[in-house]
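In case it helps, the working numbering puts the sequence shown at residues 13 to 261. We put the beta carbon where it would ideally sit given N, CA and C, even for glycine. Heads up: the structure comes next, in structure tokens.
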Amino acid sequence: MAFPLYPWIGPIPIHPHLLFELLTYGAGFVIYRVLRARWGDPLPAEQRWTVIAAAAFGAAIGGKLLYWGSDPGDFALRWQDAFYIMGGKSVLGAIAGGLVAVELVKRRSGITVPTGDLLAVPLALGIGIGRIGCFLTGLGDHTYGLATSLPWAVDFGDGIARHPTQLCEVLFVWALGGILLWAAGRGLRMGALFRLFIVGYAAFRIGVEFIKPGAPLLGLNALQWVALAMLIWAGRELLSQRRKEVARA
13 MAFPLYPWIG
23 PIPIHPHLLF
33 ELLTYGAGFV
43 IYRVLRARWG
53 DPLPAEQRWT
63 VIAAAAFGAA
73 IGGKLLYWGS
83 DPGDFALRWQ
93 DAFYIMGGKS
103 VLGAIAGGLV
113 AVELVKRRSG
123 ITVPTGDLLA
133 VPLALGIGIG
143 RIGCFLTGLG
153 DHTYGLATSL
163 PWAVDFGDGI
173 ARHPTQLCEV
183 LFVWALGGIL
193 LWAAGRGLRM
203 GALFRLFIVG
213 YAAFRIGVEF
223 IKPGAPLLGL
233 NALQWVALAM
243 LIWAGRELLS
253 QRRKEVARA
């Protein structure tokens, strides 16, 4: 297999990153609408769209900041490169940025109910679809793993066999999405589903980054530090929620 692998739509080759990013947004929105119709929504439509707009804005900012911050040396060399500045983003940074923006908007708008449960499964599905595009893009995407001699290693075109960490992420997030769908039918308290998604995804990212290139700081890279902060936040929220349930019992 030669990388990047361009899917063709008729006579036109489409960059895999662009194609699968569009599929991510489309599939995520469809799943969100299906779940909203099935589960209901604690927010009226106007407030829901306010939350979605805040999430999108925060995701755009957070995705860029963590992408640039994940390799400060590369950023220092390439900050004047328009393609570099406009092209890259971090999924983890996008989730973190969206989370912060939503919490700020909720506080300003007086929204007190959890708002993320309807987004947990669409996020898991969408991340997996997007990572297929990352895999097909090859070396240009910079999401590959370290060199390895294990049988599932992939040569992305430079003669070095590497961990296909993109495919590992696809399998993990789709399994996580299935678990979340199962858990949603078990009477979870509002807000728990999204926090479980954060716990699962953040824990995975902390682990998988150990087999990916990165610039460490005190033993962890920038992505791992952000993932650790997200894991602590979500775990604390789940624990606090559980304590309140026990106190009411």
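DSSP, read as helix, strand or coil, puts I26 in coil. Around the beta-carbon of G74, 16 or more other beta-carbon atoms lie within 10 Å, marking it buried.
When DSSP assignments are scanned along the region 22-74, the uninterrupted stretches of alpha helix (DSSP H) that are 4 or more residues long and fall wholly within it turn out to be 28-51.
Here T124 is exposed. Its C-beta has fewer than 16 other C-beta atoms within 10 Å.
Non-local C-beta neighbours of S82 in its own chain, meaning closer than 6 Å and more than five positions away in sequence, comprise A234 and L235, ordered along the chain. Of the residues assessed, G219 falls on the exposed side of the cut-off, its CB having fewer than 16 other CB atoms within 10 angstroms.
If you ignore the 5 residues before and after L17, its C-beta comes within less than 7 Å of the C-beta of P28 and L148, all in its own chain and listed in chain order.
The closest CA to that of A187, considering only P134, R254, A65 and A57, is found on P134. Counting of Cβ neighbours within 10 angstroms places K101 among the buried residues, the total reaching 16 or more.
Contact annotation: L130 and L47 have beta-carbon atoms nearer than 8 Å.
The shortest CA-to-CA distance from F222 to any of T177, D93, I210 and A246 is the one to T177. With 16 or more neighbouring CB atoms inside 10 Å of its own CB, E181 falls in the buried class. Within the region 75-142, complete alpha helix (DSSP H) segments of at least 4 residues are found at 84-90, 94-99 and 103-121, given in chain order. Classified as exposed, I24 has fewer than 16 neighbouring CB atoms from the shown chains inside 10 Å of its CB. Look at the beta carbons and you see the region 105-124 not touching the region 33-40: under three pairs across the two are nearer than 8 Å.
Excluding the 5 residues flanking it on each side, L179 has same chain C-beta neighbours closer than 7 Å at F147, in chain order. In this structure, the CA atom of D93 is about 40 Å from the CA atom of A57.
Each residue's CA atom was taken as its position, placing L158 and G105 some 22 Å apart. Annotation: the continuous alpha helix (DSSP H) that includes Y213 extends over A204 to V220.
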